[in-house]
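Written out as structure tokens, the structure reads:
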């Protein structure tokens, strides 16, 4: 799995936090200024709030990249067939193609079933498809673990990284849960940008960012290993160089 996009998003967040550090450091010697204009405390808080949006963007993007890497891997070689997929992935393929997770009226259910039967009868190699991810706007550690379990990808998160990610950051919430909740409150207008940045320092934001990025980085690595070792295929179908 290509990790370039992940690294680029992290670099964006680092660059933004560095700007916040400069402003906070300047504030120690009086109100900071940019081109002669004072940066007020209110404005600083609003700038801090953007970190939550950036971090949530990284969380959801990471989940999307990881899941998409799996479906892409099932089709990229052009030789795999459905019967070669590991049961969890085969189940997801059926769920997508037969739309078993969608409530349909009898006529639409019949039409969908006929189309699915035709697809099975045609046989052939797996064509492009997508796993239904769900959790729009609600990605956190629990949701990432849930989709990983559904796919059959075992997350290998080191104990220190996992403890840090799960440790309460604020309001009895771990890092990703806090990010998700703040992002949703901002998106739904239940809290202002100024309010979300209250009682925070750049050091707090850096701590939150480190916990989150370290966890997500190991999620990415887990999925990369899963794909590289062809773990989406049944063991007897995996190329000999793919590991077991």
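Residue numbers (the working numbering): 2 to 245.
We put the CB at the ideal spot given by N, CA and C, even for glycine.
It should be emphasised that the depicted structure is a prediction, and the values quoted were computed from it without experimental measurement.
Secondary structure of residue 156 (DSSP, three-state): coil. Selection 52, 72, 128, 236 evaluated against residue 211 yields 52 as nearest (Cα-Cα). Apart from sequence neighbours up to five positions away, the residues of its chain that approach residue 114 with a beta-carbon distance below 8 Å are 99, ordered along the chain. Residue 197 and residue 84 have their alpha carbons spaced roughly 50 Å apart. When the five nearest sequence neighbours on each side are left out, the beta carbons in the same chain lying within less than 6 Å of the beta carbon of residue 59 are those of 10, in order along the chain. For residue 194, the enclosing alpha helix (DSSP H) has its first and last residue at 194-197. For a cut-off of 8 Å, the C-beta gap from residue 177 to residue 166 is around 7 Å, short enough to register as a contact. One thing to note: residue 32 has its Cβ no nearer than 8 Å to the Cβ of residue 23. In the structure shown, residue 215 falls within a helical segment according to DSSP collapsed to helix, strand and coil. For the set 171, 219, 237, 241, the Cα lying nearest the Cα of residue 4 is the one of 219.
Under the three-state reduction of DSSP output, residue 98 falls in the helix class. Put simply, the backbone Cα of residue 186 is about 31 Å away from that of residue 160.
Annotation: residue 170 is outside any alpha helix (DSSP H); the continuous beta strand (DSSP E) that includes it extends over 169-171. Under the criterion of beta carbons closer than 8 Å, residue 224 and residue 62 do not qualify as touching, at roughly 13 Å.
In this structure, the alpha-carbon of residue 123 lies about 17 Å from that of residue 112.
Partner residues in the beta bridge of residue 29, as assigned by DSSP, are 31. Annotated three-state conformation of residue 86 is strand, per DSSP.
Taking the Cα of residue 6 as reference, the smallest distance to any Cα among 221, 233, 148, 46 is reached at 221.
Between residue 133 and residue 169, the C-beta gap is not smaller than 8 Å, which leaves the two residues out of contact.
The C-alpha of residue 37 is placed about 43 Å away from the C-alpha of residue 142. Within the same chain, and ignoring the five residues on either side of residue 87 in sequence, the residues whose Cβ sits closer than 8 Å to its Cβ are 153, 232, 233, 234, 235.
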